[in-house]
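Here's the structure, in structure tokens; my notes come after.
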Amino acid sequence: MVFVNLPVRDLARSTAFFTALGLDLDPQYSDEKAACVVLGAESFVMLLADPFFATFTTKPVADATAGTEVIVAFSVESRARVDEVVEAAVSAGGSPSTPAIEEGGMYSRSFQDPDGHVWEAMFMGASGAAG
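Under the UniProt record's numbering, residues 1 to 131 are what the sequence shown spells out, in order.
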């Protein structure tokens, strides 16, 4: 399993944002300090309230609105779903990040969540999956 941990300033706002995108939360790993967003059977993103996130590191917590520390890319079932996810993200308080990318059967679009983390929804067509 893969768990990506991200700091968030307002856990309730972030939880509402990701559920508005149609993503599920795993209540087993969610509480008042953290929310576990399910990306796939073996892929999760832990949204950790800033003070809780800080307990896992000796470095300062990065401000994702000032720089990009990571791009979280995830695949969806169709090109149309890529567009739906990004449109839902913008409607839920996120912002577009970069223009759509089409390359070798892959179609992707990026958005920023309310904390500034960059996400990329992508669809791998038949030629992209084979390459």
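Beta carbons: idealized from backbone N, C-alpha and C, even for Gly.
Three-way DSSP call (helix, strand, coil) for Ser91 in this model: Your numbering for residue 91 matches position 91 in the sequence shown. DSSP, read as helix, strand or coil, puts Ser91 in helix.
C-beta contact flag for Thr68 and Val118 at 8 Å: Position 68 of the sequence shown, counted from the first residue, corresponds to residue 68. Position 118 of the sequence shown, counted from the first residue, corresponds to residue 118. Against a cut-off of 8 Å, the Cβ pair of Val118 and Thr68 comes out as a contact.
Beta-bridge pairing of Gln112 - partner residues as DSSP gives them: Start at 1 with the first residue of the sequence shown, and residue 112 comes out as number 112. DSSP, once it has assigned bridges, lists Ser95 and Val118 as partnering Gln112.
Coil, strand or helix - residue 133 by DSSP: Residue 133 falls outside the range modelled here, since the chain spans only 1 to 131, and no answer is possible.
Burial state of Ala89, where buried means 16 or more other Cβ atoms lie within 10 Å: Your numbering for residue 89 matches position 89 in the sequence shown. The residue is buried, with at least 16 neighbouring Cβ atoms inside 10 Å.
Distance between Gly104 and Phe17 (C-alpha atoms, nearest Å): On the sequence shown, position 17 is the one that residue 17 refers to. On the sequence shown, position 104 is the one that residue 104 refers to. Their backbone Cα atoms lie some 31 Å apart in a straight line.
Close-in-space but distant-in-sequence residues of the same chain around Ala34 (CB under 8 Å, 5 per side omitted): Here the question's residue 34 lines up with position 34 in the sequence shown. Correct list, in chain order: Leu11, Met46, Leu47, Leu48, Ala49 and Phe52.
Contacts around Ala100, its chain only, beta-carbon distance under 6 Å, and the 5 residues preceding and following it disregarded: As a working mapping, residue 100 is identified with position 100 in the sequence shown. So the qualifying residues of the chain are Arg109.
Enclosing beta strand (DSSP E) for Leu6 [first to last residue]: Position 6 of the sequence shown, counting from 1, holds the residue named residue 6. Annotation: the continuous beta strand (DSSP E) that includes Leu6 extends over Val2 to Val8.
Residues near Gly125 in its chain [Cβ-Cβ closer than 6 Å; skip 5 each side]: Position 125 of the sequence shown, counting from 1, holds the residue named residue 125. Once the five neighbours on either side are set aside, the close Cβ partners of Gly125 are Gly105.
Given Ala66 as reference, the closest of Gln112, Glu120 and Ala41 once Cα atoms are compared: One-based indexing of the sequence shown puts residue 66 at position 66. If we check each option's Cα against that of Ala66, Gln112 comes out closest.
Close Cβ partners of Leu23 (< 6 Å) along its chain, the five nearest in sequence each way excluded: Taking the sequence shown and counting its residues from 1, one reaches residue 23 at position 23. Once the five neighbours on either side are set aside, the close Cβ partners of Leu23 are Val37.
Residues bridged to Gly40 (per DSSP): In the sequence shown, the residue the question calls residue 40 occupies position 40. Under DSSP, the beta-bridge partners assigned to Gly40 are Ser43.
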